[in-house]
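Engineer:
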Amino acid sequence: MEKSDLVIRVAGEGGEGIISTGDFISAACARAGLEIYTFKTFPAEIKGGYAMYQVRISANHIHNQGDTFDVFCAFNGEAYELNRHLLTPGTAFVYDGPGGDFEPDLPDGVSAYPIPMSATAKKLGEKRAKNMVALGALSHLFNINEETLIRVLSDKFGKKGEKVLAKNLEAFELGKGFAQALEKKDSWRVADAKEPKDVIIISGNEAVGLGAILGRLDFFSAYPITPATEVAKYVSEHIPKLGGTLIQAEDEIASISQVVGASYAGKRSMTATSGPGLALMSEMIGMSFMSETPALIVDVQRGGPSTGLPTKHEQSDLFLAIHGAHGDAPRIVLSVENVKDCVEMTAEALNLAEKYQTPVILLSDGSLAFSTQTIPTPKADQFEIIQRKRWDGDGEYRRYALTEDLISPMADPGTPGAMHIATGLEHGETGAPRYTPENHETMHRKRIHKIQPLVDEYRPAERDGVEGQATVGIIAWGSTIGVVREAIERLTAAGQKVKALYPKLLWPMPVAQYEAFAAECDQILVPEVNFQGQLSHFLRAETSLKPIPYTICGGLPFTPAMIVAKVEEISK
Ligand code: COA
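The sequence shown: position 214 = 214 (the numbering used here), numbered continuously.
Take a look at the structure:
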């Protein structure tokens, strides 16, 4: 199948400017009207360790970062060793040489381009400019828009002083010159610029922040944690414009407590964290559940448990998201597929917290957090704002009145006539503590059943693939969905009878949708980036499905080729 996209991977040591190089390539291509989808992985350390940046570029829509690269640029021997198995005939290889720390041994058919990156940067007296020597060469060899590259690198490095900028611009020109002296041996090139579209280039974390702002967030409190911190950074830059407040709390317990408190005071409130933080928040999530106080918690999943793999990808917080709290405290759990969802579903999650007066957990993940994608520019008027049910001032105020929809009227503290107790203790309709067995049953039923209508109200899980009976049905969640979409395209193009279901509301569980989907499939495959097969576990527990778990947990996402191979394996 003719490739309609180009995948460029840049790798080397953290601190060598790998991420900047990739960001510049992404910006140049996106500003040329092309679609980009980036993936990056780097070590927990600030300096040292293997850092990698991959950008997929296409004139068409792209759902994931691709299987492997077409062009690979290695800054050092470690990057070469970690990727040499992917240097297959037809790929192009740009590497640091002569004067680098390794000499590649390449199979026939790989187009090799030695560029003296380190040696040149050393001669320039600016070692960090090594990456700009590489960028100048990449720009010439693969038709990456030079003018835009110069503009974005000038924007970033200009802030570091004229001298640093001048050295980097010189390094770029030298790198370009080295490339011009080489014979172009491959046909890889970035598609020519198209007319620019009305898009923005944004990372998953920034998109969560944008969604919160468009969802009229009033209050945000968080404690910095990789890979979620950029959400708070983005919100801090924009929430003051809405008259809102952001606090960097002393820890995650304080941040969730401030969120529940601000929400109780009438504010649309949220936090963003990662697995370790979500674990610390579980008691206060129980408080939000028990006191029926709206709260949005965004969990940007990382390799766990404990400190785990802070900068690596995983989808392993589903058990915690759905059940994390003592006692019975089921809450709403949603998961995003891509950067566009990060915007739209964060605003949606704020609405659901307000509507159902309960904690809502929105699951993102490490690969999405740092993934930069082009998305249509969101328009503020496309975002409906749902307000919480408020007391109308009539009659006696009962904060936990047993209403028909089990959702009771809230009243901001200090509202005349609405004095009440909001407590984590079990309580009656007025909020006053009550310990009778009957009351606990009744109030539990209220808190747990009030979110059930969401199963029918929430948009049905999207389907993909063939109509009618399928040999294999795939159920995917989170950013794995984007990988499965491409796998389905390839499998159906090859005549395989496969289909897929992409749930985004994970709890309360849309059981009927899973049952209906499974009835059309001979077998069900559930690919997840966690060890235990966490969604498979819930499917076995809550439905009649007997899914085949397909789990990986190496800190990296699936690739379409992996899904295709697995489906072909179980189809035999
Ligand atoms: N000239 C001058 N400065 C340059 C340069 C050049 N040619 N190329 C890069 N730089 C600067 C960048 O601007 C950046 O500095 P800044 O942060 O002040 O902007 C710095 O060098 C690093 O470059 P960058 O391209 O951003 O990253 P990298 O590829 O060198 O990798 C990281 C460094 C990303 C691995 C490291 O900074 C990091 O963030 N590590 C992870 C930390 C973490 O999250 N740990 C988890 C804790 S639980």
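Ideal Cβ positions, reconstructed from N, Cα and C, are used throughout, including at glycine. None of these values were measured; they are calculated from a predicted model.
At what residue ranges does the stretch 479-534 contain a whole run of the beta strand (DSSP E), taking only runs of 3 or more?
Structural biologist: The stretch 479-534 contains these whole beta strand (DSSP E) runs: 498-502, 505-507 and 521-528.
Engineer: Should K156 be listed as close to the ligand COA, given that the test is whether its C-beta is under 7 Å from any heavy atom?
Structural biologist: For the ligand COA, at least one heavy atom lies less than 7 Å from the Cβ of K156.
Engineer: So, is A11 buried or exposed, given that buried needs 16 or more other C-beta atoms within 10 angstroms?
Structural biologist: With 16 or more other Cβ atoms within 10 Å, it is buried.
Engineer: Which two residues bound the contiguous beta strand (DSSP E) that contains V235?
Structural biologist: From DSSP, V235 is part of no beta strand (DSSP E) but of the alpha helix (DSSP H) over T229 to H238.
Engineer: Are the stretch 117-137 and the stretch 171-186 in contact at 8 Å, needing three or more beta carbon pairs?
Structural biologist: Judged by Cβ distances under 8 Å, the stretch 117-137 makes contact with the stretch 171-186, as three or more pairs qualify.
Engineer: Based on the DSSP secondary-structure assignment, which residues constitute the bridge partners of V10?
Structural biologist: For V10, which the question treats as bridged, DSSP gives the partners Y53 and C73.
Engineer: According to DSSP, is M1 part of a helix, a strand, or is it coil?
Structural biologist: Interpretation of M1 is limited by its pLDDT of 44, a score under 50 that renders its predicted location unreliable; no figure is taken from the coordinates.
Engineer: Looking at F44 and the ligand COA, is the gap between the Cβ and the nearest heavy atom below 7 Å?
Structural biologist: Reading off the sequence shown, one finds Ala at residue 44, where the question assumed Phe. The answer is yes for A44.
Engineer: So does M132 have its beta carbon nearer than 7 Å to some heavy atom of the ligand COA?
Structural biologist: Yes, the ligand COA has a heavy atom inside 7 Å of this Cβ.
Engineer: Please list, in chain order, all residues of the same chain as M1 whose beta carbon is under 6 Å from its beta carbon, the five residues on each side excluded.
Structural biologist: In this predicted model, M1 has a pLDDT of only 44, less than 50, meaning its place in the structure is not dependable; the value taken from the coordinates is given anyway. So no residue of the chain qualifies.
Engineer: In this structure, how does DSSP classify Y397 when only helix, strand and coil are distinguished?
Structural biologist: DSSP places Y397 in coil when its eight states are reduced to three.
Engineer: Could I get the ranges of all uninterrupted alpha helix (DSSP H) runs contained in the stretch 341-376, with 4 residues as the minimum, in chain order?
Structural biologist: Segments of the alpha helix (DSSP H) lying fully in the stretch 341-376: 366-369.
Engineer: Kindly indicate which three-state DSSP category E571 falls into: helix, strand or coil?
Structural biologist: The residue asked about is misnamed: residue 571 is Ser in this sequence, not Glu. If DSSP states are grouped into helix, strand and coil, S571 belongs with the helices.
Engineer: Contact between the stretch 51-59 and the stretch 377-394 is defined here as three or more beta-carbon pairs at a separation below 8 Å; is this criterion met?
Structural biologist: In short, these stretches do not touch, since the Cβ pair count stays below three.
Engineer: Confirm the yes/no value for this check: CB of N168, any heavy atom of the ligand COA, distance under 7 Å.
Structural biologist: Under cutoff, so the answer is yes.
Engineer: Just curious, the alpha helix (DSSP H) that A594 is in, first and last residue?
Structural biologist: Residue 594 is absent from the model: the chain starts at 1 and stops at 572.
Engineer: On the three-pair Cβ rule with 8 Å, is the stretch 290-300 touching the stretch 10-26?
Structural biologist: The stretch 290-300 vs the stretch 10-26: no contact.
Engineer: Using a Cβ-Cβ cutoff of less than 8 Å, which residues in the same chain neighbour T226 once the five nearest sequence positions on both sides are dropped?
Structural biologist: If we look at T226 and ignore the five residues flanking it on each side, its Cβ neighbours are A44, S274, R302, P310 and T311.
Engineer: Could you give the DSSP three-state label for K194: helix, strand or coil?
Structural biologist: Looking at K194 - three-state DSSP - the assignment turns out to be coil, as it is neither helix nor strand.
Engineer: Drop a sphere of 10 angstroms on the beta-carbon of N76, count the other beta-carbons inside from all chains shown, and report buried for 16 or more, exposed for fewer.
Structural biologist: Buried is the call here.
Engineer: Quick check on N60: buried or exposed, where buried means 16 or more other Cβ atoms within 10 Å of its Cβ?
Structural biologist: N60 should be labelled exposed.
Engineer: Would you report the Cα separation of A432 and A401, rounded to the nearest angstrom?
Structural biologist: Taking the straight line from one Cα to the other gives about 12 Å.
Engineer: Leaving out five residues on either side along the sequence, give the residues of the same chain with a beta carbon under 6 Å from the beta carbon of F69.
Structural biologist: Within the same chain, F69 has close Cβ partners V7 and R9.
Engineer: Is S118 helix, strand or coil by DSSP?
Structural biologist: Helix.
Engineer: Specify the secondary structure class of Q382 as computed by DSSP and reduced to three states.
Structural biologist: Of the three classes helix, strand and coil, the one that applies to Q382 here is helix, per DSSP.
Engineer: Can you tell me which of G366, Q387, L362 and A193 puts its alpha carbon nearest to the alpha carbon of E354?
Structural biologist: Ranking G366, Q387, L362 and A193 by Cα distance to E354 puts Q387 first.
Engineer: Shorter than 7 Å, the distance from the beta carbon of G573 to the closest heavy atom of the ligand COA, or not?
Structural biologist: Given that the chain is displayed from residue 1 to residue 572, the structure contains no residue 573 and the question cannot be resolved.
Engineer: For the structure I just gave you, are there three or more beta carbon pairs, one from the stretch 434-453 and one from the stretch 406-424, closer than 8 Å?
Structural biologist: Yes, since at least three Cβ pairs between the stretch 434-453 and the stretch 406-424 fall closer than 8 Å, the two stretches touch.
Engineer: Report yes if the C-beta distance between E528 and P549 is below 8 Å; otherwise report no.
Structural biologist: Yes; because the gap between Cβ atoms is below 8 Å, this pair is in contact.
Engineer: Assuming P98 contacts A121 under a Cβ cut-off of 8 Å, what Cβ separation, rounded to an integer in Å, is found between them?
Structural biologist: Actually they are not in contact, since the Cβ atoms of P98 and A121 sit about 14 Å apart, beyond 8 Å.
Engineer: Can you determine whether any heavy atom of the ligand COA sits closer than 7 Å to the C-beta of V164, and answer yes or no?
Structural biologist: Checking the Cβ of V164 against the ligand COA gives yes.
Engineer: Just to confirm the assignment, what range does the beta strand (DSSP E) spanning S306 have?
Structural biologist: Unbroken run through S306: none, as it is neither H nor E.
Engineer: Please classify I570: is it buried, with 16 or more other beta-carbons within 10 angstroms of its beta-carbon, or exposed?
Structural biologist: When all chains shown are included, I570 counts as exposed.
Engineer: Tell me whether the beta-carbon of E206 lies closer than 8 Å to the beta-carbon of Y234.
Structural biologist: Contact flag set, yes.
Engineer: At a cut-off of 7 Å, would you count R128 as near the ligand COA, judging by its Cβ distance to the nearest heavy atom?
Structural biologist: Checking the Cβ of R128 against the ligand COA gives yes.
Engineer: At the level of alpha carbons, what is the spacing between T307 and H326?
Structural biologist: About 22 Å.
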